[in-house]
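Same order as they appear, the protein sequences are chains A and B.
Position one of the first sequence corresponds to residue 3 (the working numbering), numbered consecutively onward.
Position one of the second sequence corresponds to residue 3 (the working numbering), numbered consecutively onward.
Think of the CB as a built atom: it goes at the ideal place given N, C-alpha and C, for glycine as much as any other residue.
What you are looking at is a predicted structure, and each value in this text was computed from that prediction instead of being measured.
To start, the structure under review is shown below, and the notes come after it.
2 protein chains.
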Amino acid sequence: MSAYTATVTVRLKHGVLDPEAETTKQALERLDFDLEDLRSADRFEIDLEAESPENASERASEMAKRLLANPTIHDYDVEVDER
Amino acid sequence: MSAYTATVTVRLKHGVLDPEAETTKQALERLDFDLEDLRSADRFEIDLEAESPENASERASEMAKRLLANPTIHDYDVEVDER
Numbered sequence: 003m004s005a006y007t008a009t010v011t012v013r014l015k016h017g018v019l020d021p022e023a024e025t026t027k028q029a030l031e032r033l034d035f036d037l038e039d040l041r042s043a044d045r046f047e048i049d050l051e052a053e054s055p056e057n058a059s060e061r062a063s064e065m066a067k068r069l070l071a072n073p074t075i076h077d078y079d080v081e082v083d084e085r
Numbered sequence: 003m004s005a006y007t008a009t010v011t012v013r014l015k016h017g018v019l020d021p022e023a024e025t026t027k028q029a030l031e032r033l034d035f036d037l038e039d040l041r042s043a044d045r046f047e048i049d050l051e052a053e054s055p056e057n058a059s060e061r062a063s064e065m066a067k068r069l070l071a072n073p074t075i076h077d078y079d080v081e082v083d084e085r
């Protein structure tokens with residue numbers, strides 16, 4: 003068993019409205035920043051013990067499917083690093 | 003001018019309590035997942051036009067300082083990729 007950190011990034015699917023990101027973009031523009039687009043995402047860094055990076059990645063994907071992401075509106079990806 | 007995407011990751015500083023992450027961890031444990039720790043972070047993907055990656059990175063850092071992060075409780079980092 004080795005120690006891994008799995009990073010799960012949960013994004014809204016393309017086409018799903020994100021009023022919070024739109025508001026943040028407008029607030030930056032009011033502060034005179036020049037930007038074309040802003041997207042927000044949630045990032046979960048999960049420390050876990052696993053037999054292999056593949057096993058850590060599978061378990062983190064399962065966590066995303068069961069709890070962290072809503073498959074109707076979210077996409078997610080998983081990255082695994084050894085700690 | 004080239005098109006860049008600057009990714010700003012905003013995390014709570016070490017030692018700042020994160021009740022939402024703690025609740026998420028407990029919910030995963032109730033679903034029989036085995037994990038040691040879970041940290042949450044906000045990720046902003048900002049599309050902007052800039053003269054160089056350094057300029058894009060500086061502007062994104064400034065956005066983090068002015069609006070995206072609260073320096074009392076947050077750390078942030080910035081990554082820049084060409085689009």
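Under the 8 Å criterion on CB atoms, leucine 14(A) is classed as non-interfacial with respect to chain B. In terms of Cα proximity to threonine 11(B), the closest of Met3(B), Ser63(B) and Glu84(B) is Ser63(B).
In chain order, Val80 and Val82 place their CB closer than 6 Å to the CB of serine 59(B), counting only its own chain and leaving out the 5 sequence neighbours on each side. CA-CA distance, glutamate 56(A) to tyrosine 6(A), rounds to 11 Å. Within the DSSP bridge table, the entry for isoleucine 48(B) names Leu40(A) and Ala8(B) as partners. For arginine 61(A), the closest C-alpha among the options Ala23(B), Leu30(B), Glu51(B) and Thr9(B) is that of Leu30(B). Contact annotation for methionine 65(B) against chain A: Leu30 and Phe35 [CB-CB distance below 7 Å, chain order].
Looking at the DSSP output, leucine 14(B) sits in a beta bridge with His76(B). No Cβ-Cβ contact shorter than 8 Å links serine 4(A) with alanine 23(A).
Cα atoms of threonine 26(B) and arginine 85(A): separation of roughly 21 Å, rounded to the nearest angstrom. In its chain, beyond the 5 residues on either side, Ala43 and Asp77 have a beta carbon closer than 6 Å to the beta carbon of arginine 13(A).
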